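Sequences listed follow chains A and B, in order.
Following the numbering used here, the numbering of the first sequence begins with 1 at its first residue and continues without gaps.
Following the numbering used here, the numbering of the second sequence begins with 1 at its first residue and continues without gaps.
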Amino acid sequence: MCRLLKPLLLLLLTGALGACSTQTVKSTTVTPLLDDTAPIAESELLDIGIGVFEPGLDDIAANREELTFADVRLAETQYVSYLLAQTLQSSGDWGVVRVVPGDLSYYDLAVTGMILQSDGERMILQVKVTDATGKVWIDKEYDEVVSQYSYDPRASRSQDSFQGLYNKIANDILAYRQQNMKSEDLVNVRTVGRLKFASTFAPQVFDQYLATDKRGLTTVTRLPAANDPLLARIDSIRERDYLFVDALQDHYGNYYRQMAGPYTEFRKMSYEEVMKYDKLRAASRRNMVMGVAAILGGLVATQSSSNAVQYSAYGGLFGGGYLIKDAFNKRDEAQMQVESLAELGNSLEAEIAPQTIELEERVVTLSGSVASQYAQWREILADIYAAETGASNSPTSEPGADQ
Amino acid sequence: MTAAERRAVLDGRLEAGYAVFDGMILGERERAQRDADEAGSTVMGTGGAGGGAGEEAGSGEGDGGFGDSPVIVASNTRGAGAGVSPTGASDRQGEFDNTNATYPPPEDIPSGDDDDVVARQLREAAMREPDPELREKLWDEYRKYTGLSQ
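#1: So which residues of chain A does A39 (chain B) contact, with C-beta pairs closer than 8 Å?
#2: Going straight from the alpha carbon of V129 (chain A) to that of A170 (chain A), what length do you get?
#3: Going along the chain, which residues of the region 238-254 of chain A sit with their C-beta nearer than 7 Å to a C-beta in chain B?
#4: Which partner residues of Q159 (chain A) appear in the DSSP bridge assignment?
#5: DSSP three-state label for A110 (chain A), please.
#6: Name the DSSP bridge partner or partners of I357 (chain A)?
#7: Is R238 (chain A) helix, strand or coil when you go by DSSP?
#8: Which of helix, strand or coil does DSSP assign to G51 (chain A)?
#9: In chain order, what residues of the same chain have a beta carbon less than 8 Å from the beta carbon of I324 (chain A), not counting five sequence neighbours either side?
#10: Which chain B residues are close to G390 (chain A), counting only those with a beta carbon under 8 Å from its beta carbon?
#11: Which whole runs of the beta strand (DSSP E) in the region 50-127 of chain A are 3 residues long or more, in chain order?
#12: Does R7 (chain B) get closer than 8 Å to chain A when you measure Cβ to Cβ?
#13: Below 7 Å on C-beta distance, what does E28 (chain B) contact in chain A?
#14: For T87 (chain A), count neighbouring C-beta atoms within 10 Å of its own C-beta (all shown protein chains included) and say buried if the count is 16 or more, exposed if not.
#15: When you compare only the Cα positions, how much space is there between D108 (chain B) and Y242 (chain A)?
#16: Anything in chain B within Cβ reach of A282 (chain A), meaning under 7 Å, just list it in chain order.
#17: Consider the Cβ of P135 (chain B): report whether some Cβ of chain A lies at a distance smaller than 8 Å.
#18: What does a CB cutoff of less than 8 Å around N180 (chain A) pick up in its chain, not counting 5 residues either side in sequence?
#19: Against D383 (chain A), what residues of chain B qualify as contacts under a CB-to-CB distance less than 7 Å, listed in chain order?
#20: DSSP three-state call for A132 (chain A): helix, strand or coil?
#21: Any idea which residues DSSP pairs Y142 (chain A) with across the strands?
#22: Along the chain, where does the alpha helix (DSSP H) that runs through T200 (chain A) open and close?
#23: Does DSSP classify V370 (chain A) as helix, strand or coil?
#24: With a threshold of 8 Å between beta-carbons, can W377 (chain A) be considered close to chain B, or not?
#25: Just how far apart, CA to CA, sit E358 (chain A) and L104 (chain A)?
#26: Counting Cβ pairs closer than 8 Å, one from the region 370-385 of chain A and one from the region 348-355 of chain A, do we hit at least three?
#27: Excluding sequence positions up to five away, which residues of its chain have a Cβ less than 6 Å from the Cβ of F244 (chain A)?
#28: Going by alpha carbons, who is nearest to G134 (chain A) out of A:G120, A:D93, A:S118 and A:V111?
#29: Enumerate in chain order the residues of its own chain whose CB-to-CB distance from V205 (chain A) is below 7 Å, with the five nearest sequence positions on each side excluded.
#30: Label M123 (chain A) either buried or exposed according to how many other C-beta atoms from any shown protein chain fall within 10 Å of its C-beta, with 16 as the threshold for buried.
#31: Is the Cβ of A387 (chain A) closer than 8 Å to any Cβ of chain B?
#32: Contact criterion: CB-CB distance below 8 Å. Does I380 (chain A) meet it with respect to chain B?
#33: If contact means a Cβ-Cβ distance below 7 Å, which residues of the region 283-306 of chain A contact chain B?
#34: Going along chain B in order, which residues have a C-beta closer than 7 Å to the C-beta of R233 (chain A)?
#35: Shorter than 8 Å from the beta carbon of L174 (chain A) to some beta carbon of chain B?
#36: Could you work out which residues of chain A lie near G112 (chain B), taking near to mean beta carbons separated by less than 7 Å?
Set out below in structure tokens:
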């Protein structure tokens with residue numbers, strides 16, 4: 001029995017020591033947002049479309065499920081996307097940066113992502129950046145742990161507690177452009193984006209200018225004439241697409257501003273609760289391991305022929321029992337922290353849910369109206385193309401007829 | 001109808017669609033501005049005078065901070081801009097299908113009984129438009145589309 005117990009004891013003690021040595025480094029400094037010191041030509045400025053981040057509710061770590069509230073996470077998807085757009089725009093390194101709820105394929109740069117963890121203490125985002133040609137610039141996780149200082153009102157920080165994380169993402173995108181994209185590459189990306197957009201409206205004309213290989217990379221096979229009238233018409237439509245997305249930004253901006261106050265307060269309180277929860281869970285685990293180790297050690301020691309060792313064995317058994325009891329107590333306390341967090345989460349959910357619903361309704365309504373208008377324009381463009389080429393494949397009736 | 005004539009008519013429909021679309025977007029931005037005002041904040045960059053240039057309020061110097069009402073604006077550097085922000089009170093709810101006619105048509109505009117769908121859309125958009133400048137623009141589109149201005 002002793003032979004079996006000794007390695008087991010060693011393993012348990014190692015585990016306990018390992019638990020004690022876990023250490024988290026917290027950042028009290030914010031990564032600065034870099035901007036490109038070299039001027040960039042207007043023709044090389046890339047527009048960025050940021051998709052609304054995925055909530056990642058199916059990918060929550062087991063030890064964070066209790067600390068995650070679905071409605072808060074859904075609201076965060078809008079918040080995070082908008083704040084990342086703000087960060088990129090304020091760097092001055094890009095064209096326009098917008099949160100886009102729909103198709104991003106024709107944006108010069110498309111940023112998509114998922115929230116993997118978000119509480120007051122830590123945020124982990126999965127971010128992917130792809131240009132219009134299909135080249136992936138970045139696909140990585142960004143992880144930031146903040147200190148209590150981030151929520152200290154005396155620090156009068158007017159920025160988001162996780163601003164450093166958004167700055168890191170923006171800096172990485174900029175670094176990729178600086179290191180990997182020449183001027184002609186940037187112009188090419190814009191051309192592909194323009195032709196892709198045109199292709200969504202008149203594929204019968206513009207598909208021929210693009211080719212996509214097996215890896216999903218799109219290249220320009222040839223260019224339309226500089227004065228191509230159909231492309232000019234589609235450019236007019238694209239300007240309107242910009243206006244549509246601009247209108248959406250107004251709504252996202254309103255939502256962001258309404259949410260920022262209560263959300264920051266929630267995260268501040270959540271930070272404290274999460275810290276307590278993590279400490280209690282860690283202490284519970286540690287005491288449980290040590291308690292079991294002490295009991296097993298005591299059991300081994302009871303086999304000894306020495307009275308002194310046997311007395312200490314009983315001490316080990318009692319001590320182990322106490323540690324296990326304390327582990328259960330701490331686990332219960334941790335559960336109380338979860339309930340306390342749930343109250344905070346429910347309160348925030350109740351506060352922001354109406355705005356979330358309103359935002360989603362506005363986006364859906366406006367997108368629906370725009371999609372309907374775009375469908376009409378597609379038909380008109382097809383008719384124009386047919387008129388210009390003498391084809392008789394017009395999908396619509398005579399111009400001016402009721403639809 | 002020749003191909004050129006047919007193309008001209010189709011271009012007219014496209015133009016009419018643009019006018020309706022622009023009216024819808026302006027209405028939407030007006031609504032967003034109203035929402036922002038009610039919430040005690042400002043939607044920055046909305047309704048600027050045509051072709052806004054991607055303004056940004058945040059300098060992004062070092063810490064990338066924005067304050068409580070961060071920056072931005074989505075008016076684009078390449079797009080058409082938002083045009084003139086509608087002025088004047090309106091109880092319009094910003095819905096595209098709102099059919100409450102509020103502003104009577106100018107005297108030279110006929111009854112519109114034989115309007116087709118595009119002309120009707122233009123007429124309705126103009127009659128709902130509270131901004132006189134944009135309303136007149138819509139009526140001009142209507143005149144152009146229906147041949148009144150020829």
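All C-beta atoms in this analysis are idealised placements derived from N, C-alpha and C, irrespective of residue type, glycine included.
Here the structure is a predicted model, which is why all the values come from computation and not from measurement.
According to the data block:
#1: Near A39 (chain B) (Cβ distances below 8 Å), the residues of chain A are N254, R257 and Q258.
#2: Taking C-alpha positions only, V129 (chain A) is separated from A170 (chain A) by approximately 11 Å.
#3: For the region 238-254 of chain A, the residues whose beta carbon sits under 7 Å from a beta carbon of chain B are, in order, E239, R240, Y242, L243, F244, V245, D246, A247, Q249, D250, H251, G253 and N254.
#4: According to DSSP, which records beta bridges pairwise, Q159 (chain A) is partnered with nothing at all.
#5: A110 (chain A): strand per DSSP, three-state reduction.
#6: Paired residues: none, contrary to the question.
#7: Correct three-state label for R238 (chain A): helix.
#8: In the structure shown, G51 (chain A) falls within a strand segment according to DSSP collapsed to helix, strand and coil.
#9: Spatial neighbours of I324 (chain A) in its own chain (CB-CB distance under 8 Å, excluding positions within 5 residues in sequence) are listed in chain order as N287, M288, G291, V292 and I295.
#10: Result: A3.
#11: Entirely contained in the region 50-127 of chain A, the beta strand (DSSP E) runs reaching 3 residues are, in chain order, 97-100 and 109-118.
#12: Against chain A, the CB of R7 (chain B) has a partner CB under 8 Å away; the residue lies at that interface.
#13: Taking a Cβ-Cβ cut-off of 7 Å, the neighbours of E28 (chain B) in chain A comprise A247 and L366, given in sequence order.
#14: It is buried - the Cβ of T87 (chain A) has at least 16 other Cβ atoms within 10 Å.
#15: C-alpha separation (whole angstroms): 34 Å.
#16: Residues of chain B with a Cβ closer than 7 Å to the Cβ of A282 (chain A) do not exist, since the nearest Cβ in that chain sits about 32 Å away.
#17: It is worth fixing the name first, because residue 135 (chain B) is Arg in this sequence and not Pro. No, no contact with chain A.
#18: In the same chain as N180 (chain A), and ignoring 5 residues on each side of it, the C-beta atoms closer than 8 Å to its own belong to W137, in chain order.
#19: Taking the beta carbon of D383 (chain A) as reference, the chain B residues within 7 Å of it are L10, listed in sequence order.
#20: Looking at A132 (chain A) - three-state DSSP - the assignment turns out to be coil, as it is neither helix nor strand.
#21: In the DSSP assignment, Y142 (chain A) forms a beta bridge with A:L125.
#22: Bounds of the alpha helix (DSSP H) holding T200 (chain A) are S183 to F201.
#23: In the structure shown, V370 (chain A) sits in a helix (DSSP, three-state: H, G or I).
#24: Chain B, which has a Cβ nearer than 8 Å to the Cβ of W377 (chain A), makes this yes.
#25: Within the model, the alpha-carbon separation for E358 (chain A) versus L104 (chain A) is close to 23 Å.
#26: The answer is no - the region 348-355 of chain A does not touch the region 370-385 of chain A, with fewer than three Cβ pairs under 8 Å.
#27: Excluding positions up to five away in sequence, the list reads V370.
#28: Per the Cα distances, A:V111.
#29: Result list for V205 (chain A): L230 and Y385, in chain order.
#30: Under this definition M123 (chain A) is a buried residue.
#31: Proximity of A387 (chain A) to chain B, defined by a Cβ-Cβ separation below 8 Å, is satisfied.
#32: So yes, I380 (chain A) belongs to the interface.
#33: For the region 283-306 of chain A, the set of residues with a beta-carbon nearer than 7 Å to any beta-carbon of chain B is empty.
#34: Ordered by position in chain B, the residues that pass the 7 Å Cβ test against R233 (chain A) are L14.
#35: Among the residues facing chain B, L174 (chain A) is not included, as its CB has no counterpart in that chain under 8 Å away.
#36: Correct list: empty, because the minimum Cβ distance to chain A is about 14 Å.
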